[in-house]
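Here is the structure we will look at, set down as structure tokens.
Number of protein chains: 2
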Amino acid sequence: MRDVFHEELEGITVSLVEMSSMVASAMARATTALLDADLQLAEQVITADETVDLLRNEIEERAFDILARQAPVATDARVIVTTLRIVADLERMGDLALHVAKVARRRYPGKAVPPELTGTITEMGQVAQRIVAKAGSVIASRDTELAAELEADDDAMDHLHRQLFHILLEREWTHGMEAAIDITLCGRFYERYADHAVSVARRVVYLVTGEKSA
Amino acid sequence: MRDVFHEELEGITVSLVEMSSMVASAMARATTALLDADLQLAEQVITADETVDLLRNEIEERAFDILARQAPVATDARVIVTTLRIVADLERMGDLALHVAKVARRRYPGKAVPPELTGTITEMGQVAQRIVAKAGSVIASRDTELAAELEADDDAMDHLHRQLFHILLEREWTHGMEAAIDITLCGRFYERYADHAVSVARRVVYLVTGEKSA
Numbered sequence: 001m002r003d004v005f006h007e008e009l010e011g012i013t014v015s016l017v018e019m020s021s022m023v024a025s026a027m028a029r030a031t032t033a034l035l036d037a038d039l040q041l042a043e044q045v046i047t048a049d050e051t052v053d054l055l056r057n058e059i060e061e062r063a064f065d066i067l068a069r070q071a072p073v074a075t076d077a078r079v080i081v082t083t084l085r086i087v088a089d090l091e092r093m094g095d096l097a098l099h100v101a102k103v104a105r106r107r108y109p110g111k112a113v114p115p116e117l118t119g120t121i122t123e124m125g126q127v128a129q130r131i132v133a134k135a136g137s138v139i140a141s142r143d144t145e146l147a148a149e150l151e152a153d154d155d156a157m158d159h160l161h162r163q164l165f166h167i168l169l170e171r172e173w174t175h176g177m178e179a180a181i182d183i184t185l186c187g188r189f190y191e192r193y194a195d196h197a198v199s200v201a202r203r204v205v206y207l208v209t210g211e212k213s214a
Numbered sequence: 001m002r003d004v005f006h007e008e009l010e011g012i013t014v015s016l017v018e019m020s021s022m023v024a025s026a027m028a029r030a031t032t033a034l035l036d037a038d039l040q041l042a043e044q045v046i047t048a049d050e051t052v053d054l055l056r057n058e059i060e061e062r063a064f065d066i067l068a069r070q071a072p073v074a075t076d077a078r079v080i081v082t083t084l085r086i087v088a089d090l091e092r093m094g095d096l097a098l099h100v101a102k103v104a105r106r107r108y109p110g111k112a113v114p115p116e117l118t119g120t121i122t123e124m125g126q127v128a129q130r131i132v133a134k135a136g137s138v139i140a141s142r143d144t145e146l147a148a149e150l151e152a153d154d155d156a157m158d159h160l161h162r163q164l165f166h167i168l169l170e171r172e173w174t175h176g177m178e179a180a181i182d183i184t185l186c187g188r189f190y191e192r193y194a195d196h197a198v199s200v201a202r203r204v205v206y207l208v209t210g211e212k213s214a
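Sequence order for the protein chains is A and B.
Using our numbering, read the first sequence as starting at 1 and increasing by one per residue.
Using our numbering, read the second sequence as starting at 1 and increasing by one per residue.
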């Protein structure tokens with residue numbers, strides 16, 4: 001059945017995929033800014049977050065509008081509400097990229113990431129890119145098998161997160177407390193970013209199957 | 001106009017206030033567990049979080065049910081969606097209390113908070129109690145003036161958060177990296193807890209005035 005409701009919903013899906021690209025790009029640039037102490041790039045991420053927030057507001061308004069005009073049945077109302085939650089997850093992912101960029105800016109011209117952690121943070125940035133790309137594909141395709149893959153990527157992120165603490169704790173730390181704090185916070189930002197991507201994928205699965213995963 | 005829709009909505013409001021009490025109690029106990037290295041209390045908070053999640057699910061189901069049966073007009077649909085966001089904020093506050101309790105459990109029988117930070121963490125716990133109590137009152141009363149007060153409490157929390165970093169950075173830190181990591185994370189948990197309480201209050205203001213604050 002292709003009616004106005006489903007056409008409008010499809011329009012929203014397109015915007016959600018666009019929003020996932022924006023927060024993917026934000027985290028990619030924030031990671032580079034962090035690793036290279038690139039102030040200009042950090043500032044770009046910080047400014048661009050406003051665009052993410054604007055898109056969020058626009059999608060929300062459209063969802064309210066559909067709820068009001070279409071008075072959708074229970075299932076369709078659930079789709080709209082789930083959509084609003086996906087928007088909230090994506091917006092939060094944008095915020096987390098922003099937080100990483102702010103750490104880069106705060107430490108400029110210094111580098112927030114000491115040499116022995118460059119590899120771990122680089123990998124965390126790569127996993128973040130992989131997981132957000134998949135989240136975007138899951139939104140577009142509603143592919144529940146692909147959605148299941150995000151759980152493994154999230155495990156990889158958790159592993160890197162533990163590795164980061166391991167390096168902070170086990171080796172002789174010579175970079176001072178400020179660097180330790182920044183690394184602790186950035187580690188959490190990447191880990192939460194992946195959590196929200198998993199949450200996006202789970203919500204899509206819920207839409208398709210009607211069942212909540214853990 | 002007192003119709004079925006508004007009666008059901010009132011029932012949801014009562015549950016939201018109850019949920020705010022639960023996450024207030026969770027953070028109060030988590031703070032004590034953290035400061036006193038009280039394993040039993042920490043375990044209690046960790047177990048009790050399931051009750052918070054159950055209440056969240058129950059409120060959500062009721063909201064979906066209202067959306068489906070009542071086919072509310074635009075304004076009322078907005079109320080329901082905003083309610084769902086308040087539930088999400090409260091659930092997240094419960095999670096943050098849980099995270100604090102997990103730090104207490106991980107460090108047991110040691111104490112996660114060294115003596116020179118006991119005062120700051122105690123105060124952060126007190127501000128958390130003040131702000132969540134006010135958030136609960138704002139949900140119940142829709143008092144926009146009280147809602148404005150939460151911004152000042154949030155400023156107080158941000159101040160304590162900066163003070164915590166100041167102590168970590170400025171003094172001679174003799175408690176090792178693990179304690180520094182735990183304190184950094186706990187500081188963020190309290191700060192985010194207050195942020196979500198402010199978010200709850202702002203959403204209520206939005207319901208009353210139709211206007212989003214910053």
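Quick reminder that beta carbons are idealized off the backbone N, C-alpha and C, glycines included.
- Counting only residues of its own chain and dropping the five nearest sequence neighbours on each side, Val204 of chain B has a CB closer than 7 Å to the CB of Val138, Ile139, Arg142 and Ala147.
- Around the beta carbon of His159 of chain B, fewer than 16 other beta carbons sit within 10 angstroms, so the residue counts as exposed.
- What Phe64 of chain A touches in chain B, judged by beta-carbon distance under 8 Å, is Ala74, Ala77, Arg78 and Val81, going in chain order.
- With a threshold of 7 Å between beta carbons, Glu178 of chain A makes contact with chain B.
- Excluding its 5 nearest sequence neighbours in each direction, Gln163 of chain A has C-beta neighbours in its own chain below 8 Å: Thr120, listed in chain order.
- Residue-level contact by beta carbon fails for Ile167 of chain B and chain A, as no gap is shorter than 7 Å.
- Taking 8 Å as the upper bound for CB-CB distance, Ile66 of chain B and Ser15 of chain B are not in contact here, some 13 Å apart.
- By the criterion of a C-beta distance shorter than 6 Å, Ala33 of chain B is surrounded in its chain by Leu41, Ala42, Ala101 and Ala104, once the five residues flanking it on both sides are discounted.
- Restricting attention to A:Asp182, A:Ala77 and A:Ala63, the CA atom closest to the CA of Pro114 of chain A is found in A:Asp182.
- Listed along chain A, the residues sitting closer than 8 Å to Arg188 of chain B by beta-carbon distance are Leu185 and Arg188.
- For Ala24 of chain B, the closest of B:Asp53, B:Ser199, B:Pro109 and B:Gly125 by C-alpha to C-alpha distance is B:Gly125.
- Between His196 of chain B and Asp89 of chain B, the C-beta gap is smaller than 7 Å, which places the two residues in contact.
- DSSP, read as helix, strand or coil, puts His161 of chain B in helix.
- Selection A:Asp154, A:Glu50 and A:Arg56 evaluated against Ile12 of chain A yields A:Arg56 as nearest (Cα-Cα).
- For the pair of segments examined, the segment 89-98 of chain A was found to touch the segment 187-194 of chain A: the number of CB pairs separated by less than 8 Å reaches three.
- Sequence-distant partners of His99 of chain B (beyond 5 residues in either direction) whose C-beta falls short of 7 Å from its own C-beta, in its chain, are Phe189.
- Of the candidates B:Gly210, B:Ile86, B:Lys111 and B:Glu149, B:Ile86 places its Cα closest to the Cα of Ser20 of chain B.
- In this structure, the CA atom of Asp155 of chain A is about 25 Å from the CA atom of Met177 of chain B.
- Taking Phe5 of chain A as reference, the option from A:Val132, A:Val45, A:Thr118 and A:Phe64 with the minimal CA-CA separation is A:Phe64.
- In terms of Cα proximity to Ile46 of chain B, the closest of B:Arg106, B:Leu169 and B:Glu170 is B:Arg106.
- Linking Ile131 of chain B to Val52 of chain B through their CA atoms gives a straight-line distance of about 18 Å.
- Ala68 of chain B has a beta carbon lying within less than 7 Å of a beta carbon in chain A.
- Interface with chain B (7 Å Cβ-Cβ cutoff): Ile59 of chain A is excluded.
- The closest CA to that of Glu50 of chain B, considering only B:Ala97, B:Val81, B:Leu84 and B:Asp38, is found on B:Ala97.
- The beta-carbon distance between Val81 of chain B and Leu84 of chain A, rounded to whole angstroms, is 6 Å. This is short enough to meet the 8 Å contact definition.
- Tyr190 of chain B sits in a helix when the DSSP states are folded into three classes.
- An exposed status is given to Ala152 of chain B, since fewer than 16 other beta-carbon atoms sit within 10 Å of its beta-carbon.
- Using a Cβ-Cβ cut-off of 7 Å, Ile181 of chain B counts as an interface residue toward chain A, since at least one Cβ of chain A sits closer than that to its own.
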